[in-house]
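Inspection log for the structure reproduced underneath, given as structure tokens.
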Amino acid sequence: MSVLDDIKELVEAAQKILIVTHENPDGDAIGSSLGFMHGLKKLEKDVTVFIPYINRMYDFLPGREEIRHELSDDEKFDLCIALDSSDIERLGEGKKWFDKAEKTIVIDHHITNQNYGDANYVNAVACSTCQNIIVVLASLEVAINKVMGTCIYAGMLTDTGGFRYNVQSETFEFVSMLLEAGVEIAPIYRNLFDLTTEARTRLLGRALERLEVLEDGKITYTYVTKADEAEFNCEDGDYENIVNYGRNIEGVEVSIFFREIEEGKIKVSLRANDYVDVSLIASKYAGGGHLRAAGFSISGSMEQAKNIVIDEIKKQLQ
-15 MSVLDDIKEL VEAAQKILIV THENPDGDAI GSSLGFMHGL KKLEKDVTVF IPYINRMYDF
45 LPGREEIRHE LSDDEKFDLC IALDSSDIER LGEGKKWFDK AEKTIVIDHH ITNQNYGDAN
105 YVNAVACSTC QNIIVVLASL EVAINKVMGT CIYAGMLTDT GGFRYNVQSE TFEFVSMLLE
165 AGVEIAPIYR NLFDLTTEAR TRLLGRALER LEVLEDGKIT YTYVTKADEA EFNCEDGDYE
225 NIVNYGRNIE GVEVSIFFRE IEEGKIKVSL RANDYVDVSL IASKYAGGGH LRAAGFSISG
285 SMEQAKNIVI DEIKKQLQ
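At position 156 of the sequence shown the residue is numbered 140 (the numbering used here), and the sequence of numbers has no breaks.
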């Protein structure tokens, strides 16, 4: 029996289903959660999506208002499905509910996934978890409609940087299916890539002011602090995509973005262009990701984090 058969059996046997995803959710995490929620509801399942916080840039997605930010301790679920999270610790508050569920499923596209569910569908060739959701819905005999497709397309669009990274010919075959389902791509693109807020723009400006270029133009890095985010009244997620500005500079191979999560803890985002495997660096520090896009958290001051990570990148360039 294939893993898709296992997933189908678990879904058919469950009535109350909980969907969780990783902390600081991105477009793929949110899009796959909502897209799968809509699909499971077509099977007349009682579905709850639990995500503690979501940036308002995703408010346009259908079903966004149904996402729960809190759960009460007495709630019980037959099945918990973890999406887009390579390991159980990355689920954050969702880990508790994953552990409590009678049965569990993991659907992901990270090559570093630890297969921590009762059934694990991990296709690391897929451009996004959203792409894998299309496959799983097909195995459940759920036809994708415009509502599902809008959420799924949003995740595919964001995780590929506008279909620039980690795409294959089949990626566009899946996109074609979504277009046939009625998905309107222009408003999705505008909401995710064009619209912004004053706070997000000012935080980006602060980061660009600090941008440094090293190793004959092959490495760039910048950073923001908790004080920066407080100064501009930023929301969680307003720092997304800052790392890409460094990568876009001519001649740069690796861009690094440091973000202070709390005193003594730094989140590191890595992006590469052609040959450096940043996932190797991330995995060394209990992080994860892909060949050209990865991240992790590190303890220490901002200066300590900078020194450690930049040294690691320099080794990869040699």
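We put the CB at the ideal spot given by N, CA and C, even for glycine.
Val31: member of the beta strand (DSSP E) spanning Asp30 to Phe34, first to last residue. When the beta-carbon positions are compared, Asp92 and Val106 come within less than 7 angstroms of each other. For Val167, there is no enclosing beta strand (DSSP E), as DSSP gives it neither H nor E. Under DSSP, the beta-bridge partners assigned to Glu196 are Tyr205.
Annotated as distal: Lys80 and Ile72, with beta-carbon spacing of 7 angstroms or more.
Counting only residues of its own chain and dropping the five nearest sequence neighbours on each side, Tyr100 has a CB closer than 7 angstroms to the CB of Asp71, Ile72 and Val90. Between Leu275 and Asp258, the CB-CB gap reaches or exceeds 7 angstroms. Going by beta carbons, Cys114 and Asp12 fall inside the 7 angstroms limit. For Asn99, the secondary structure class from DSSP, reduced to helix, strand or coil, is coil.
For Leu188, the closest C-alpha among the options Tyr173, Phe216 and Pro171 is that of Phe216.
In the DSSP assignment, Ile250 falls within the beta strand (DSSP E) that extends over Lys249 to Ala256.
A straight line joining the alpha-carbon of Glu296 with that of Ile282 spans about 13 angstroms.
Around the beta carbon of Leu67, a 10 Å sphere encloses 16 or more other beta carbons of the protein chains shown; the residue is thus reported as buried.
Per DSSP, Phe242 is not a residue of any alpha helix (DSSP H); the beta strand (DSSP E) it occupies stretches across Val238 to Glu246. In the assembly as shown, Asp222 is a buried residue. Its beta-carbon has 16 or more other beta-carbons within 10 Å.
Between Leu141 and Gly23, the C-beta spacing is not below 7 angstroms. Out of Glu287, Ala277, Leu179 and Ala138, the CA that lies nearest to the CA of Ile95 is found in Ala277. In the structure shown, the three-state DSSP call for Gly189 is helix. According to the DSSP assignment, Leu18 belongs to the alpha helix (DSSP H) that extends over Gly11 to Lys26.
Taking the CA atoms as reference points, Asp83 sits about 18 angstroms from Ile(-9). Linking Ala270 to Arg231 through their CA atoms gives a straight-line distance of about 23 angstroms. By the Cβ test, the segment 196 to 214 is in contact with the segment 229 to 244, since at least three Cβ pairs between them sit closer than 8 angstroms. Judged by pairs of C-beta atoms under 8 angstroms, the segment 141 to 161 does not touch the segment 43 to 58, as fewer than three such pairs exist. A straight line joining the alpha-carbon of Lys299 with that of Ile292 spans about 11 angstroms.
A direct Cα-to-Cα measurement between Asp143 and Glu193 gives close to 26 angstroms. Assignment of beta-bridge partners to Ile297 by DSSP yields no partner. The beta carbon of Lys251 lies closer than 6 angstroms to those of Arg243, Ile245 and Ser281 in the same chain, with the five residues before and after it left out. No Cβ-Cβ contact shorter than 7 angstroms links Val236 with Ser253.
Residue nearest to Ser69 within the set Ile35, Met161 and Ala289 is Ile35 (criterion: CA-CA distance). Here Asn232 carries a coil assignment [DSSP, helix/strand/coil]. Pairing Cys64 with Leu(-12) gives a Cβ-Cβ distance that is not under 7 angstroms. Annotation for Leu(-6): the continuous alpha helix (DSSP H) segment containing it runs Val(-13) to Ala(-3).
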